[in-house]
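A.B. asks: Under our numbering, the first residue of the sequence shown is numbered 57, with each subsequent residue one higher. We treat Cβ as the ideally placed atom computed from N, Cα and C, and that holds for glycine.
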Amino acid sequence: MQKLEEIIEKARRWLDVKDSVREFAIKKSREIIRLSSEIIQDIHKGALVESKINELFDNVQEFIARLEEHPDMMQMGLVRDTLQEYCEAMIFRELVEKGDVPNPDDLKAPLDSYLLGLCDVVGELRRKVLDSLRKGKTSDAIRFFNYMEEIYSKILRLHYPQGLIPLRPKQDAMRNIIERTRSDITMALIIEKFSRTSEEEPLDIDKVYP
57 MQKLEEIIEK ARRWLDVKDS VREFAIKKSR EIIRLSSEII QDIHKGALVE
107 SKINELFDNV QEFIARLEEH PDMMQMGLVR DTLQEYCEAM IFRELVEKGD
157 VPNPDDLKAP LDSYLLGLCD VVGELRRKVL DSLRKGKTSD AIRFFNYMEE
207 IYSKILRLHY PQGLIPLRPK QDAMRNIIER TRSDITMALI IEKFSRTSEE
257 EPLDIDKVYP
C-alpha cells in the first residue's frame, strides 16, 4: 500500500504546518490581548500609550499576515476574539482622545472583530463616566455617555444570525449598561443641582434623562 504511505506522509506534513501556525497564533494572541488590556488600563489612568499602540499594531499585522496564508485558520474563534480585543483598545483610545472611532480598514481588522470590539467599548466608556462623576467632571461624564448611546443606537440596526456574528448578547449587555449609567448620571445631576448655590446655573437633567 505504497499509495497510502504517501498519503499519510503528505497529511503529516500538512498537519505539522497547521499545528505550527496554531501554536504561533496562541502565543501571539496572548501578547496581543495583554497589550490591548494594558493600553485600556493606561488610558483610564491618563498615561501615554503611543509606544504600546505601535507595538500592538505591529503584533497584529504579524498575526494576520501569518494566518492569512491559511484562510481556514482565520475562522478560528481564537482569531476573532484576539482581534476583537485589539479593536476594543484602538477604538477606545480614539474615542477618548479624538471623540471619534477609527476606520476598520486603518486598523487592518476584519469587520466582525471590529463590531464586537466596538460593543465592548461601551463598558469601558461606562467606567470613564463613573470616573468623571467621581472627579466632579459632569460634562465629561455626559460626553462619554453620549458616545455610549450613539454606539448602541448604531449597533442596534444590525440584525443577523448568531452563527454569523454574535451581536445579540452584546446588544442586550449594552442596553443594560446604558440604563445603569443613565441612572448614575441622573442621580449625580440631582445631587449637584441641590448642592449648588443660588447664584449658579443648574445643569439640565433632561439632557440625560428626557
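By the three-class DSSP mapping on this structure, what secondary structure does V178 have?
C.D. replies: In this structure, V178 counts as helix in the three-state DSSP scheme.
A.B. asks: Look at I88 and N110 and say whether their C-beta atoms are less than 9 Å apart.
C.D. replies: No. Outside cutoff.
A.B. asks: Beta-carbon separation of V152 and I198 under 9 Å?
C.D. replies: No.
A.B. asks: Nearest CA to the CA of D137: which residue from S76, D161, L171 and A244?
C.D. replies: Of the listed residues, the one whose Cα sits closest to D137 is L171.
A.B. asks: Is V77 closer than 9 Å to E118 when the C-beta atoms are compared?
C.D. replies: Not in contact: E118 and V77 (Cβ atoms no closer than 9 Å).
A.B. asks: Please return the same chain residues whose Cβ sits closer than 6 Å to the Cβ of M130, not counting the five positions on each side in sequence.
C.D. replies: If we look at M130 and ignore the five residues flanking it on each side, its Cβ neighbours are L123.
A.B. asks: Apart from the five residues on each side of it in sequence, which residues of its chain come closer than 6 Å, Cβ to Cβ, to S188?
C.D. replies: Result list for S188: D196 and A197, in chain order.
A.B. asks: Round the Cβ separation of L112 and L91 to the nearest angstrom and send it over; I've been treating them as touching at under 8 Å.
C.D. replies: 4 Å between Cβ atoms; contact.
A.B. asks: Near S254, what residues of its chain come up, given a Cβ to Cβ distance below 7 Å and the 5 sequence neighbours on each side ignored?
C.D. replies: Bear in mind that a pLDDT of 46 at S254, under 50, signals an unreliable position, so the number given afterwards is only what the model happens to contain. Cβ within range, chain order: n/a, list empty.
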